[in-house]
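So the sequence shown is residues 9 to 137, counted in the numbering used here.
All residues carry an ideal CB built from backbone N, CA and C; glycine is no exception.
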Amino acid sequence: MFNHIMVGTNDIERSKQFYNAVLATLGVGEPLVNKANSGHTRLFYRHDGNTFGISEPINDEPATCANGATIGFKCNSPEQVQQFHDVAVAHGGTSIEDMPGLRQTSLGALHLAYVRDPDGNKLCAIYRP
C-alpha cells in the first residue's frame, strides 16, 4: 500500500546519527543521501522493499511532528523491540508511554516500545508473535 514514509528534521546530521543507529537494529544499512532540486538534503533508508525518508523541509519552515501520528517499525522478536527502544534513547530519543514490553490489546498480544526521535516524531517498535 505504501511507497514510502518521510518525516522532516531540523538537523539532518543529528537525524542521520539517530536513524543510522536505530534502524541498524532492524538490519537497515546506510541511507541514500539525496539533494532535492531546492538544495535541501534528504536521506532515504531502504529495506525489504520499504523506504523511510528524512528531509529538511523544502518550504524552509521548521519541521514539526504530526499530532496523532505514529510510524511503526516491524521487529522480529521481543528482544529487537527492546533493542530498538534502548538504542533510540541512547542516541537522543525519548522513551514515551509505557515501558517496552508485552501488551494485551484488542489485536492480540503485542510487544511494543514507543519513542520520540530528536525532532519529536513518534516511533513504535512492534513485534506480533
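Inset, instruction - Reducing DSSP to helix, strand and coil, say where residue 134 ends up. - result: The count along the sequence shown starts at 1 and reaches residue 134 at position 126. When secondary structure is reduced to three states using DSSP, residue 134 falls in the strand class.
Legend entry - Proximity winner among 98, 120, 116 and 69, relative to residue 81 (alpha-carbon distances): Along the sequence shown, one-based indexing puts residue 81 at 73. It is 120.
Legend entry - residue 55 - containing beta strand (DSSP E), residue span: For the purposes of this step, residue 55 is taken as residue 47 along the sequence shown, with counting starting at 1. Bounds of the beta strand (DSSP E) holding residue 55 are 49 to 55.
Legend entry - Inter-stretch contact (C-beta, 8 Å, three-pair minimum) for the stretch 79 to 94 and the stretch 28 to 38: Counting Cβ pairs under 8 Å, three or more are found: they touch.
Legend entry - Three-way DSSP call (helix, strand, coil) for residue 60 in this model: For the purposes of this step, residue 60 is taken as residue 52 along the sequence shown, with counting starting at 1. For residue 60, the secondary structure class from DSSP, reduced to helix, strand or coil, is strand.
Inset, instruction - Assuming residue 16 and residue 125 form a contact by the criterion Cβ under 8 Å, report the distance between their Cβ atoms to the nearest whole angstrom. - result: For the purposes of this step, residue 16 is identified with residue 8 of the sequence shown, where counting begins at 1. For the purposes of this step, residue 125 is identified with residue 117 of the sequence shown, where counting begins at 1. Not confirmed; about 11 Å, so no contact.
Inset, instruction - With DSSP as the reference, label residue 39 as helix, strand or coil. - result: One-based indexing of the sequence shown puts residue 39 at position 31. Coil.
Inset, instruction - Please state whether DSSP places residue 70 in a helix, a strand or coil. - result: On the sequence shown, residue 70 is found 62 positions in, with the first residue counted as 1. Residue state, collapsed to three classes: coil.
Inset, instruction - Indicate the three-state DSSP secondary structure (helix, strand or coil) for residue 108 in the structure shown. - result: Taking the sequence shown and counting its residues from 1, one reaches residue 108 at position 100. Reduced to three states, the DSSP call for residue 108 is strand.
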